[in-house]
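*Asks:* First to last, the sequence lines map onto chains A, U, Z and S.
Counting in the numbering used here, the first sequence runs from 4 upward without gaps.
Counting in the numbering used here, the second sequence runs from 4 upward without gaps.
Counting in the numbering used here, the third sequence runs from 4 upward without gaps.
Counting in the numbering used here, the fourth sequence runs from 4 upward without gaps.
The C-beta atom is built at its ideal place from N, Cα and C for all residues, glycine as well.
The structure that follows is given in the form of structure tokens.
There are 4 protein chains.
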Amino acid sequence: MNFRSDNTAGASEKVLAALIAANGGVQAAYGADEITARVEKALCEVFERDIAVFLVASGTAANSLALSCVTPPWGAVLCHAESHIAKDECGAPEFFSAGAKIVGLPGIGCKLDPATVAKQLARMPAGSPSDSQPAALSISQASEAGMVYSLGETSALAKVAHSRNLAVHMDGARFANALVTLGCTPAEMSWKAGIDMLSFGATKNGCLAAEAVIFFDKSKAVDMPFRRKRSGHTLSKGRLLAAQMEAYLQAGHWLDLARRANHAALRLEQALLSLPGVRIGWPRQANEVFPILPAAIDERLRAANAAYHPWSPDWLPPKSMPRAGEALFRFVTSFRTSSAEIEALGAAGQPEPIRSTRAKVKVR
Amino acid sequence: MNFRSDNTAGASEKVLAALIAANGGVQAAYGADEITARVEKALCEVFERDIAVFLVASGTAANSLALSCVTPPWGAVLCHAESHIAKDECGAPEFFSAGAKIVGLPGIGCKLDPATVAKQLARMPAGSPSDSQPAALSISQASEAGMVYSLGETSALAKVAHSRNLAVHMDGARFANALVTLGCTPAEMSWKAGIDMLSFGATKNGCLAAEAVIFFDKSKAVDMPFRRKRSGHTLSKGRLLAAQMEAYLQAGHWLDLARRANHAALRLEQALLSLPGVRIGWPRQANEVFPILPAAIDERLRAANAAYHPWSPDWLPPKSMPRAGEALFRFVTSFRTSSAEIEALGAAGQPEPIRSTRAKVKVR
Amino acid sequence: MNFRSDNTAGASEKVLAALIAANGGVQAAYGADEITARVEKALCEVFERDIAVFLVASGTAANSLALSCVTPPWGAVLCHAESHIAKDECGAPEFFSAGAKIVGLPGIGCKLDPATVAKQLARMPAGSPSDSQPAALSISQASEAGMVYSLGETSALAKVAHSRNLAVHMDGARFANALVTLGCTPAEMSWKAGIDMLSFGATKNGCLAAEAVIFFDKSKAVDMPFRRKRSGHTLSKGRLLAAQMEAYLQAGHWLDLARRANHAALRLEQALLSLPGVRIGWPRQANEVFPILPAAIDERLRAANAAYHPWSPDWLPPKSMPRAGEALFRFVTSFRTSSAEIEALGAAGQPEPIRSTRAKVKVR
Amino acid sequence: MNFRSDNTAGASEKVLAALIAANGGVQAAYGADEITARVEKALCEVFERDIAVFLVASGTAANSLALSCVTPPWGAVLCHAESHIAKDECGAPEFFSAGAKIVGLPGIGCKLDPATVAKQLARMPAGSPSDSQPAALSISQASEAGMVYSLGETSALAKVAHSRNLAVHMDGARFANALVTLGCTPAEMSWKAGIDMLSFGATKNGCLAAEAVIFFDKSKAVDMPFRRKRSGHTLSKGRLLAAQMEAYLQAGHWLDLARRANHAALRLEQALLSLPGVRIGWPRQANEVFPILPAAIDERLRAANAAYHPWSPDWLPPKSMPRAGEALFRFVTSFRTSSAEIEALGAAGQPEPIRSTRAKVKVR
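If you want it as structure tokens, here you go:
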């Protein structure tokens with residue numbers, strides 16, 4: 004019963020099989036191999052457009068490389084205060100950009116809204132040499148609170164950003180999970196909504212390590228070959244990344260995996276809500292559930308070896324704040340999360356009498 | 004017949020099998036998994052010492068991260084002018100160190116000697132604020148010319164470096180190949196010879212992407228967790244790197260692979276020397292052969308689809324320089340290089356009559 | 004009637020005379036001159052302690068160099084959100100530190116309090132590689148709202164910072180102005196209150212360009228000679244900075260200048276308060292006055308060519324916020340501000356009848 | 004008798020007088036003052052062209068800022084191995100450019116020639132992500148050996164550089180000294196010969212601290228306001244730099260000063276050559292003399308308190324190398340060097356009988 008993250012699983016069977024299949028034979032080094040070429044073509048098809056693609060092994064690398072291509076050292080990247088680039092990457096965007104400023108903004112559900120962005124931009128006079136110059140807007144889809152920007156919300160944010168010539172970046176570590184929630188096309192959720200650069204995450208959703216930095220405007224990508232190489236992210240045996248990504252994209256495998264993870268989250272939410280006194284913090288919209296648990300429930304779950312993280316309630320709606328004796332937690336599901344695990348969790352959380360009846364369920 | 008590099012092959016069967024075996028189940032993220040812990044222990048045993056280990060996916064990352072831990076932005080790293088860190092990483096060491104100076108020095112066979120290093124150090128006054136301060140010496144084992152430092156040579160270099168308090172780094176992209184040539188222990192070729200930090204390469208010798216940054220003095224490693232994270236090199240599913248490395252080290256697999264590659268180089272050298280007019284540039288000491296080919300031979304080999312790189316004769320011994328109608332080339336063998344490939348190459352290079360008789364050999 | 008800043012004036016007569024006197028003869032270059040040596044000694048006496056001193060030509064350089072000596076690239080500097088280092092230096096601290104994070108915190112009067120700092124530190128777990136590591140606390144004395152930290156307030160902040168091993172930096176662009184307000188010794192307002200590093204500003208208070216970076220713990224200064232040189236801030240004719248600073252410190256000249264400026268602010272405040280409907284935003288404590296002006300007054304003052312800046316009310320006490328038809332402004336006085344200028348301003352702001360009677364006052 | 008450098012003197016009388024004259028009154032801060040505006044206009048006239056001008060206080064800042072505007076972090080700057088940017092600025096160009104590579108090339112007299120530059124460029128393949136990309140060529144006029152590039156030599160170098168789209172930078176720390184030697188116009192020695200960016204030095208030739216970064220192609224300067232501010236080189240009281248520069252340029256004062264310094268060098272050379280066994284290393288072409296002194300002469304001069312630096316013979320013509328018992332030295336003259344000093348030096352160097360007769364000359 005490990006709900007700590009969607010990166011505690013390995014790869015999907017299909018992704019693993021592709022790695023095995025790609026292992027033989029000779030391939031050109033440093034991304035000049037045939038599989039990488041096929042992946043680039045496949046992503047152009049997925050996004051219905053000619054795009055620039057760069058495979059890397061980590062989401063931090065993807066985000067930072069993408070942003071560094073549009074942000075000068077005196078630039079500023081606007082994002083949510085809780086976003087991964089602002090809080091969880093040990094200053095990677097500052098490193099890759101040679102010292103740009105990451106400006107964290109407020110927003111319920113770890114989502115930004117156009118008024119907040121516009122207000123911040125109004126405080127940053129264009130051209131004043133004393134001021135870091137706004138250069139990019141970065142949003143996370145799904146957000147760090149597991150919430151999904153609608154197409155209209157994304158468009159509205161991009162419009163504000165573009166009005167000041169900011170590039171718009173989407174941290175899509177959970178792009179697939181958001182996409183199947185919206186039920187739209189990848190193009191609609193990205194460039195058609197104003198996204199200029201996308202960190203297209205695959206690691207959390209079924210690969211071992213594979214992310215694509217995608218530039219919808221290829222002219223923004225001219226520095227990437229140098230930036231990727233110089234940061235050690237141009238792997239010599241490029242087939243490693245490409246084979247994973249190829250299998251991931253094939254025949255909608257990535258969407259199947261995301262649907263599985265999201266469905267597990269729905270079931271998990273139901274299981275949690277069946278426990279006495281449990282409420283939900285942010286609405287579940289992708290593969291993360293943020294329950295507010297009474298202390299007794301939390302204790303019971305942990306006693307049963309369930310693993311999950313306590314979470315900061317900072318960006319909850321005021322009405323949803325944990326009360327005394329409660330706390331907010333994060334549960335994440337992946338393509339691997341099993342029904343048995345969820346049932347076991349539900350059973351473990353029940354007060355004694357009920358729990359004993361379900362104790363027979365065996366879960367690894 | 005691809006002799007372009009030892010990074011055109013995939014992984015060894017054992018390494019691949021380990022990846023498959025590690026794929027199931029739940030593992031903690033970001034290198035806190037059990038396999039990583041086992042790898043750290045295995046490397047302590049390999050090196051007969053308590054060491055600090057950090058797995059990363061590329062040699063460029065390994066070298067740059069290691070050097071950045073000991074080199075301030077105003078520091079200088081002394082190395083051979085032809086070394087990978089100086090010539091082939093698009094300024095990665097400068098990036099990771101926030102602007103240190105990479106000082107390329109001369110040396111036959113792309114090897115440094117103590118006198119050259121001492122002479123350079125004498126030109127860099129300690130403490131003068133106008134001068135970049137020598138902070139590290141980096142040597143490649145095997146060198147970019149495929150040559151191997153003897154234990155005595157390494158010790159002598161380290162002694163000069165340590166006399167000015169420089170840290171000594173070994174770029175061991177081909178550590179295993181050099182080791183089996185010397186027939187010594189990993190400890191003897193590294194810390195016992197004065198090496199402080201080692202980029203322990205496994206990618207070229209049988210992994211898909213796995214390198215270990217090793218600090219023999221653990222106090223030099225205190226910044227590494229931050230530097231690795233901040234550069235995007237702390238992979239979320241740490242098992243990917245760890246599973247490869249574990250299999251690589253198990254039961255001397257890595258040494259078997261290196262012996263195979265080195266032996267292929269020996270056979271390849273013999274095949275090349277059997278061709279009329281072929282000489283060897285730098286002595287073959289690991290898994291690289293640098294023949295000087297008459298133009299006619301080169302043409303015949305390329306016509307037969309043999310793939311290999313032309314190479315700069317800069318650091319050849321003066322007496323070995325290519326003459327008119329000749330050029331220097333690099334052939335690299337790997338654990339995968341087959342006898343058939345080598346025989347086919349030998350056959351392809353022979354003048355017409357002989358070549359026809361061997362043309363039956365089938366090689367992919 | 005220019006109240007835009009205390010950097011619109013030139014140098015004091017004494018400082019200028021010192022420049023003239025120092026101009027002749029031969030002096031060693033790059034700060035090895037005799038005058039610099041005397042200045043270092045004088046500052047040791049002023050601060051009653053053996054200190055490390057580095058003269059530079061700008062406050063931005065002083066702040067950034069000081070902070071870069073204690074903040075690694077993955078470090079964080081805590082400061083007020085409105086502080087000069089966070090808002091007005093185009094990312095200089097990020098540049099000098101190779102990408103550290105400047106964390107802006109809230110606080111009325113642009114002052115921090117210990118609880119706010121402690122709360123922020125509690126959110127930044129020590130040693131977690133995902134998180135920028137708190138490395139320094141920087142406070143501005145006087146603050147960007149012209150307010151002065153008491154000795155107790157400074158001590159309390161330093162105590163919180165030191166409990167997590169942060170270095171404590173004081174941006175003393177207006178050190179002298181704050182000092183004469185408190186009436187304490189330089190030692191009391193700095194190292195005796197827990198300050199580790201001080202940007203000792205002299206430019207605004209009577210020099211043309213002269214700031215001293217002071218390290219009370221000399222061991223923190225070992226990198227400074229390299230950092231200063233490498234950033235182009237080691238002037239070749241060191242006498243330029245040193246001669247100014249020597250005259251500035253001599254016989255309490257710097258304190259006289261600050262008293263003059265502060266006294267002018269007192270008179271200016273009185274003149275502004277004599278105008279109908281004028282209130283004061285932040286209490287005047289040094290050489291800046293922040294009046295809340297009715298629009299009509301503002302118009303009259305500008306019509307009379309008075310120059311001053313509109314100012315953000317962000318950190319006003321809630322009760323002092325400008326109401327409709329009002330706005331907050333900043334007026335700064337310097338050692339050069341004349342009584343005539345202040346009288347003229349007061350006259351210009353008066354409604355018609357009164358104004359006419361004072362219109363005779365002639366001011367440049 | 005101090006011949007250590009041209010930065011051991013103060014300012015010329017006219018420059019000092021301008022500082023005094025500019026001290027009164029109110030001036031806008033951060034370079035928006037009237038004097039700066041006049042200086043920009045004056046420099047446009049001096050260079051017969053509309054140019055972008057940025058005043059800074061040090062030559063290191065001028066060089067690094069200029070280069071950082073045209074060199075990406077993965078760029079390379081080609082220059083002489085002995086140039087100030089490569090050897091004497093503690094890695095400042097690397098710092099300002101966020102890690103570019105400074106590539107030092109050989110050349111007699113510390114001058115580059117087109118063939119050397121072309122050969123180096125041929126080794127740096129355009130577009131290869133493994134290789135730092137050549138971005139700028141920087142030459143020093145006069146060179147670090149006191150030698151002057153002819154207009155034809157500069158043009159030929161610029162032509163090679165421009166053929167690969169490198170920007171061409173001139174480190175003109177001694178621009179005036181070279182200019183009066185050539186007897187051409189500032190335009191001819193700079194943009195008409197292919198120079199794109201110039202560090203126009205004034206400090207060594209009569210100012211206390213004043214350099215102008217000049218962009219002949221204004222589009223290359225768009226980043227400069229941010230880069231200058233962010234590095235702490237936008238002085239708040241801009242009049243300090245501007246007043247010096249205005250006086251420096253007025254009525255050819257700068258050329259008079261340079262003629263004085265160069266003439267002193269001529270006289271100094273004569274005095275040195277009058278001593279037995281003295282030869283000249285590099286031809287004297289500006290305000291530096293590089294004699295090869297027999298040890299006995301060196302001892303006599305030092306005994307008489309003459310101050311000058313020993314110098315590296317690295318880039319001497321082979322035929323001019325010091326022999327046993329000799330060494331190379333550098334003597335620099337400035338606008339302040341007096342005939343008396345030179346005569347005293349000549350006298351001090353003479354063997355006993357002669358020296359005694361001149362011992363009456365009194366010099367400080």
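1) Examine chain Z for any beta-carbon lying closer than 8 Å to the beta-carbon of Arg-333 of chain S, and answer yes or no.
2) Could you tell me the alpha carbon to alpha carbon distance between Ser-261 of chain A and Leu-201 of chain A, rounded to whole angstroms?
3) Excluding the five sequence neighbours on either side, which residues of its own chain have a C-beta within less than 8 Å of the C-beta of Ala-14 of chain S, listed in chain order?
4) Taking the C-alpha atoms as reference points, what is the distance between Thr-74 of chain A and His-172 of chain Z?
5) Quick check: Thr-11 of chain A and Ala-40 of chain U, are their CB atoms within less than 8 Å of each other?
6) I'd like the list of long-range same chain contacts for Cys-113 of chain Z, defined as Cβ closer than 6 Å, with 5 residues on each side in sequence excluded.
7) For Arg-333 of chain Z, write down the residues that DSSP places opposite it in a beta bridge.
8) Suppose contacts are defined by Cβ-Cβ distances below 8 Å. Is Ala-64 of chain A in contact with His-236 of chain A by that definition?
9) Could I get the ranges of all uninterrupted alpha helix (DSSP H) runs contained in the stretch 286-312 of chain U, with 4 residues as the minimum, in chain order?
10) Compare the C-beta of Thr-11 of chain U against all C-beta atoms of chain A and say whether one is closer than 8 Å.
11) Tell me the residue span of the beta strand (DSSP E) that contains Gly-78 of chain Z.
12) Interface residues of chain S around Lys-104 of chain U at Cβ under 8 Å?
13) Which residues in chain U sit within 7 Å of Asp-134 of chain S, going by Cβ to Cβ distance?
14) May I have a chain-ordered list of the beta strand (DSSP E) segments no shorter than 3 residues that lie completely inside the stretch 66-124 of chain U?
15) Over what stretch of residues does the alpha helix (DSSP H) that includes Gly-284 of chain Z continue unbroken?
16) Can you find a C-beta in chain S that's less than 8 Å from the C-beta of Thr-63 of chain Z?
17) In whole angstroms, give me the CA-to-CA distance for Pro-286 of chain Z and Pro-132 of chain A.
18) Quick test of your reading: Gly-284 of chain A and Ser-323 of chain A, contact by CB under 8 Å. State the CB separation rounded to the nearest angstrom.
19) Which bits of chain U does Gly-27 of chain A rub up against, with CB to CB less than 8 Å?
20) Using a Cβ cut-off of 8 Å, which residues of the stretch 156-182 of chain A contact any Cβ in chain U, in chain order?
21) Give me the Cα-Cα distance between Val-106 of chain A and Met-192 of chain A, rounded to the nearest whole angstrom.
22) In whole angstroms, what is the alpha-carbon distance linking Ile-38 of chain Z and Leu-238 of chain Z?
23) CB-CB under 7 Å to Ala-164 of chain A, same chain, minus the five flanking residues each way: which ones, in chain order?
24) Could you spell out where the alpha helix (DSSP H) holding Gln-247 of chain A opens and where it closes?
25) Who are His-172 of chain A's beta bridge partners in DSSP?
26) Check the Cβ of Trp-257 of chain U against every Cβ in chain S and list those closer than 9 Å, keeping chain order.
27) Quick check on the DSSP output: the beta strand (DSSP E) that includes Phe-57 of chain A runs from which residue to which?
28) Determine the DSSP secondary structure at Ala-45 of chain S, reduced to helix, strand or coil.
29) Between the Cα of Trp-77 of chain A and the Cα atoms of Z:Val-183, Z:Asp-91 and Z:Trp-77, which residue gives the shortest distance?
30) May I ask which residues mark the beginning and end of the alpha helix (DSSP H) holding Glu-214 of chain A?
31) Once DSSP output is grouped into helix, strand and coil, what is the label at Asn-5 of chain U?
32) Take Ala-224 of chain S and list the residues in its own chain whose beta-carbon comes closer than 7 Å to its own, dropping the five residues that flank it on each side.
33) Taking only three categories from DSSP, how would you classify Gln-136 of chain S?
34) Rounding to the nearest angstrom, what Cα-Cα distance links Asn-308 of chain S and Arg-233 of chain A in this structure?
35) What are the residues in the stretch 307-335 of chain U lying within 7 Å of chain Z by C-beta distance?
36) Say whether chain A places a C-beta atom closer than 8 Å to the C-beta of Val-364 of chain U.
*Replies:* So, from the data block:
1) no
2) Correcting the residue type first, residue 261 of chain A is Ala in the shown sequence and not Ser. Cα to Cα, Ala-261 of chain A sits roughly 18 Å from Leu-201 of chain A.
3) Leu-22, Gly-209, Cys-210, Leu-211 and Gln-247
4) 29 Å
5) no
6) His-83, Glu-85, Ser-146, Glu-147, Ala-148 and Trp-318
7) Z:His-312
8) yes
9) 298-306
10) yes
11) 78-83
12) Gly-94, Glu-97 and Ile-105
13) Cys-93
14) 78-83 and 104-108
15) No alpha helix (DSSP H) contains Gly-284 of chain Z, which DSSP labels as neither H nor E.
16) yes
17) 30 Å
18) 6 Å
19) Gly-13
20) none
21) 24 Å
22) 14 Å
23) Val-120, Leu-140 and Val-171
24) 242-252
25) A:Ser-141 and A:Met-200
26) Chain S residues near Trp-257 of chain U: none, gap ~26 Å exceeds 9 Å.
27) 55-59
28) helix
29) Z:Asp-91
30) That residue, Glu-214 of chain A, is in no alpha helix (DSSP H); its beta strand (DSSP E) goes 214-218.
31) strand
32) Ala-55, Cys-72 and Phe-218
33) strand
34) 52 Å
35) none
36) With a pLDDT of only 46 at Val-364 of chain U, under 50, the local geometry of the prediction cannot be trusted, and the value read off the model is given with reservation. Chain A contact via Cβ: absent.
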